[in-house]
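Each remark here refers to the structure printed beneath this line.
Number of protein chains: 2
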Amino acid sequence: MRKRFTLQEYKIGVLSGDRTKLSQAITLAESSLESDLALASDLVQEILPHTGKSIRIGITGVPGVGKSTFIESFGQMLVDSGKSVAVLAVDPSSQKSKGSILGDKTRMEKLAGNKRAFIRPSPTGSTLGGVSSKTREAMLLCEAAGFDVILIETVGVGQSETAVKSMVDFFLLLMLAGAGDELQGIKKGIMEMADGVVIHKSDGDNLANAKRAKSSYENALHLFPLGDNKWSAPVLIASSLTKDGLSNTWEMIQKYKDQTQRSGFWESNRAKQRLSWLDENLQFLLGKFFLDHPQVKKMLTKNRTRVENGELSPLSLARDLITTFFQSNQNHK
Amino acid sequence: MRKRFTLQEYKIGVLSGDRTKLSQAITLAESSLESDLALASDLVQEILPHTGKSIRIGITGVPGVGKSTFIESFGQMLVDSGKSVAVLAVDPSSQKSKGSILGDKTRMEKLAGNKRAFIRPSPTGSTLGGVSSKTREAMLLCEAAGFDVILIETVGVGQSETAVKSMVDFFLLLMLAGAGDELQGIKKGIMEMADGVVIHKSDGDNLANAKRAKSSYENALHLFPLGDNKWSAPVLIASSLTKDGLSNTWEMIQKYKDQTQRSGFWESNRAKQRLSWLDENLQFLLGKFFLDHPQVKKMLTKNRTRVENGELSPLSLARDLITTFFQSNQNHK
Numbered sequence: 065m066r067k068r069f070t071l072q073e074y075k076i077g078v079l080s081g082d083r084t085k086l087s088q089a090i091t092l093a094e095s096s097l098e099s100d101l102a103l104a105s106d107l108v109q110e111i112l113p114h115t116g117k118s119i120r121i122g123i124t125g126v127p128g129v130g131k132s133t134f135i136e137s138f139g140q141m142l143v144d145s146g147k148s149v150a151v152l153a154v155d156p157s158s159q160k161s162k163g164s165i166l167g168d169k170t171r172m173e174k175l176a177g178n179k180r181a182f183i184r185p186s187p188t189g190s191t192l193g194g195v196s197s198k199t200r201e202a203m204l205l206c207e208a209a210g211f212d213v214i215l216i217e218t219v220g221v222g223q224s225e226t227a228v229k230s231m232v233d234f235f236l237l238l239m240l241a242g243a244g245d246e247l248q249g250i251k252k253g254i255m256e257m258a259d260g261v262v263i264h265k266s267d268g269d270n271l272a273n274a275k276r277a278k279s280s281y282e283n284a285l286h287l288f289p290l291g292d293n294k295w296s297a298p299v300l301i302a303s304s305l306t307k308d309g310l311s312n313t314w315e316m317i318q319k320y321k322d323q324t325q326r327s328g329f330w331e332s333n334r335a336k337q338r339l340s341w342l343d344e345n346l347q348f349l350l351g352k353f354f355l356d357h358p359q360v361k362k363m364l365t366k367n368r369t370r371v372e373n374g375e376l377s378p379l380s381l382a383r384d385l386i387t388t389f390f391q392s393n394q395n396h397k
Numbered sequence: 065m066r067k068r069f070t071l072q073e074y075k076i077g078v079l080s081g082d083r084t085k086l087s088q089a090i091t092l093a094e095s096s097l098e099s100d101l102a103l104a105s106d107l108v109q110e111i112l113p114h115t116g117k118s119i120r121i122g123i124t125g126v127p128g129v130g131k132s133t134f135i136e137s138f139g140q141m142l143v144d145s146g147k148s149v150a151v152l153a154v155d156p157s158s159q160k161s162k163g164s165i166l167g168d169k170t171r172m173e174k175l176a177g178n179k180r181a182f183i184r185p186s187p188t189g190s191t192l193g194g195v196s197s198k199t200r201e202a203m204l205l206c207e208a209a210g211f212d213v214i215l216i217e218t219v220g221v222g223q224s225e226t227a228v229k230s231m232v233d234f235f236l237l238l239m240l241a242g243a244g245d246e247l248q249g250i251k252k253g254i255m256e257m258a259d260g261v262v263i264h265k266s267d268g269d270n271l272a273n274a275k276r277a278k279s280s281y282e283n284a285l286h287l288f289p290l291g292d293n294k295w296s297a298p299v300l301i302a303s304s305l306t307k308d309g310l311s312n313t314w315e316m317i318q319k320y321k322d323q324t325q326r327s328g329f330w331e332s333n334r335a336k337q338r339l340s341w342l343d344e345n346l347q348f349l350l351g352k353f354f355l356d357h358p359q360v361k362k363m364l365t366k367n368r369t370r371v372e373n374g375e376l377s378p379l380s381l382a383r384d385l386i387t388t389f390f391q392s393n394q395n396h397k
């Protein structure tokens, strides 16, 4: 059986930057046991005053764009310049990720071996709501352990981007030159979430294509409205092979930080993210209680298809489910 | 006091296309009285087999783009060709909409006077979750009353677009030529939601600009990934003054309908929308019970700012709120 520590042991371990204790604390937060969750919740509360000092960067892109090699090279550049870097991953599709995590670990071998780096694969076998909440906790634990930069990798398909966007300061989209087909894998809407675009693998024969792609995307992004951060997403070209463009990427993120800290967006965005974290947690917990309720579950299983087919009004079913839930919750007493 | 009818009276009235009864049924669905809501829920269930035959079009664009004049001209063209048209509006910002509804009514005077048209301003003084649900109900009631086309207008700012996108077959974005400034009013992400873009007010001196804008947007939209509908949003130019481009707009929507009905997306999208309607209703009702709970309300009011400031972990507060809710729900017995 996995060993548990006391709240104080976890807290002191994390705050002193002890990697093993940090790993164990993240495992605790990822647990599905109620006693672990209660302890993890207390731990997050305890370390909260020591969080917030890192820069949180989300990185996305379709499979094949080279996220892991980019993170390895980019992370390496950062640790070489004296920064400490933690890498987390969000991938709710647990089946697939089991393979890719092993792959990632191999590909990030060099970074993983560096004592200023910490790599943590994504929690598997859980729903997105859960994964997203657990990744936030892992992020805060890494911050409390003193990491300067947190890189959160996401898979570029599905809903994980929205979740990651809602917990980072800067959202980076990796793309490939030669547009067209590669784009089809990206979910609609992700382009507009990006605070910056990097055309990856811009080396050798690809370089000319990459430069053309850069100006196409610059023109396109220019037509799109600015967000609340009043920042127009730059398009850069980079290569993990030649290392070209990696320092430009870091400069772009620094520039974003400077500009949004001056405008106040940086902090207001984080405040907003804290509230959406609360909201997510409430929805997740409330939904869990609701959907785990035996009679609700039974009624929903029986009638879901009828709603889908248009035979039963969603409004009627919702009302019936809610009534069932609250009535039998009272009867349970 | 407003008069209520029996379920049968509402049902017969709506199905026979009686405008007055249709209006009264929508008012019933917009009520906040529990007895009205129960009756409205039953009514929606009763008329459900008679829904689904119309084409549902969402129309958005920033204030000033001329949504009302477009809807008046476009709707007029449709009724002239023998179709019946219902116009609904979603605007959760009740304060503002009170003014603009009066404005809209005046601007849509000609259409409003046509016996094949039905114009219903947005329900005011409610939250978005509520408005969105009530607009779906109004839409179904209009369908059951036999309307061929439902136009749902939304304001181009805020969250109402996502709500409207989730209830229509085709989402149309109106834009102005001369990009730049006009775009700033549009919320990020709306561009990628559009199934078609119409550059409005493309007449007179504006025409050359509009043509330039058309090709810029075509290039930009081309770079963006296709959605599940495998449809690349066309960019058209149109004028409500000269009526140019209005029939092209209708042809575009017809083409979309043909293509997605063949591919099966049309129906699978509607099935998905029914499930998200269920989900929205559940979240809305569950959230309402939760947030209306006196102790939850008190605890949340007291601690929300502490979460926002980063003093209190959202996780801790969420757990405490949920515990309070379920404990005292049982104690209430």
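Protein sequences appear in the order of chains E and C.
Under my numbering, residues 65 to 397 are what the first sequence spells out, in order.
Under my numbering, residues 65 to 397 are what the second sequence spells out, in order.
No residue lacks a Cβ here, since even glycine has one placed at the ideal position from N, Cα and C.
When you compare only the Cα positions, how much space is there between residue i and residue j?
i, j, result
"E246 (chain E)", "I119 (chain E)", "At E246 (chain E) the pLDDT is 49, less than 50, meaning the model places this residue with poor confidence; the figure from the coordinates comes in the next sentence. The straight-line gap from Cα to Cα measures roughly 29 Å."
"F329 (chain C)", "G253 (chain E)", "19 Å"
"T306 (chain C)", "A284 (chain C)", "27 Å"
"D292 (chain C)", "G122 (chain C)", "18 Å"
"F288 (chain C)", "R184 (chain C)", "35 Å"
"Q318 (chain C)", "M257 (chain C)", "18 Å"
"I90 (chain C)", "V129 (chain E)", "51 Å"
"V108 (chain C)", "S296 (chain E)", "45 Å"
"G309 (chain C)", "V261 (chain C)", "12 Å"
"K294 (chain C)", "P358 (chain E)", "40 Å"
"S380 (chain C)", "T369 (chain C)", "14 Å"
"F235 (chain C)", "E331 (chain C)", "16 Å"
"R334 (chain E)", "F69 (chain C)", "51 Å"
"Q72 (chain E)", "Q88 (chain E)", "13 Å"
"L79 (chain E)", "E201 (chain E)", "14 Å"
"L418 (chain C)", "N367 (chain C)", "Given that chain C is displayed from residue 65 to residue 397, the structure contains no residue 418 (chain C) and the question cannot be resolved."
"S105 (chain C)", "Q391 (chain E)", "19 Å"
"I165 (chain C)", "E217 (chain E)", "Since pLDDT at I165 (chain C) reaches only 45, below the 50 mark, its modelled position is unreliable, and no value is offered."
"L237 (chain E)", "W341 (chain E)", "23 Å"
"S280 (chain E)", "I111 (chain C)", "50 Å"
"H286 (chain C)", "G374 (chain C)", "42 Å"
"R83 (chain C)", "K321 (chain C)", "28 Å"
"K174 (chain C)", "T115 (chain C)", "27 Å"
"V143 (chain C)", "Q325 (chain E)", "54 Å"
"T388 (chain E)", "L350 (chain E)", "15 Å"
"K162 (chain C)", "G77 (chain C)", "Note on K162 (chain C): pLDDT 39, under 50, position unreliable in the model; the coordinate value appears next. Looking at the two C-alpha atoms, the distance is approximately 28 Å."
Ignore the nearest five residues each way along the sequence and tell me which others in residue i's own chain have a CB closer than 7 Å to its CB.
i, result
"L385 (chain C)", "V360, M363 and L364"
"K265 (chain C)", "G130, L240 and S303"
"G81 (chain E)", "A209 and G210"
"M316 (chain C)", "G260, P298 and L300"
"N395 (chain C)", "For N395 (chain C), the predicted structure reports a pLDDT of 47, less than 50, and the residue's modelled location is therefore unreliable. A value from the coordinates is still provided. Once the five neighbours on either side are set aside, N395 (chain C) has no close Cβ partner at all."
Going by beta carbon distance, what residues of the same chain come within less than 6 Å of residue i, once the five residues before and after it are set aside?
i, result
"D212 (chain E)", "S118, K147 and S148"
"C206 (chain C)", "A150 and I214"
"N312 (chain E)", "L300"
Considering only their Cβ atoms, is the gap separating residue j from residue i smaller than 8 Å?
i, j, result
"V371 (chain C)", "L339 (chain E)", "yes"
"V154 (chain C)", "T199 (chain C)", "yes"
"K251 (chain E)", "I263 (chain E)", "no"
Which same chain residues end up closer than 8 Å to residue i when comparing Cβ atoms and leaving out the 5 residues on each side of it in sequence?
i, result
"M172 (chain E)", "S132, I135, E136, G139, V151 and I183"
"Q337 (chain E)", "S230 and M231"
"L290 (chain C)", "S296"
"Y74 (chain E)", "K85, Q88, A89, L92, L103 and L107"
"P378 (chain C)", "V371"
For residue i, go through chain D and note every residue whose CB falls closer than 7 Å to its CB, in chain order.
i, result
"Q88 (chain E)", "Reference to chain D is not applicable here, since the protein chains of this structure are E and C."
CB of residue i to nearest heavy atom of the ligand NAP: below 7 Å?
i, result
"W314 (chain C)", "Of ligands this structure carries none, so the ligand NAP is not represented either."
Next item on the list: Say whether the stretch 172 to 181 of chain C touches the stretch 138 to 150 of chain C, bearing in mind that this needs 3 or more beta-carbon pairs closer than 8 Å, one atom from each stretch.
Entry: yes
Note to self: Counting beta carbon pairs with one atom in the stretch 99 to 110 of chain C and one in the stretch 223 to 232 of chain C, are three or more of them shorter than 8 Å?
What the structure shows: no
Checklist line | Given 8 Å, three or more beta-carbon pairs between the stretch 122 to 138 of chain E and the stretch 85 to 98 of chain E | finding: no
Margin query: So, does the stretch 339 to 355 of chain E touch the stretch 333 to 350 of chain C, judging by three or more C-beta pairs under 8 Å?
Written below: yes
Check: For the stretch 259 to 273 of chain C against the stretch 259 to 274 of chain E, are there 3 or more C-beta pairs whose distance is under 8 Å?
Finding: no
Next item on the list: Starting from the N-terminal side, write out each stretch of the alpha helix (DSSP H) that is 4 residues or longer and does not extend beyond the stretch 321 to 394 of chain C.
Entry: 329 to 356 and 358 to 373
Notebook entry, point to check: Which runs of the beta strand (DSSP E), 3 residues or longer, sit entirely within the stretch 75 to 151 of chain C?
Noted result: 119 to 124
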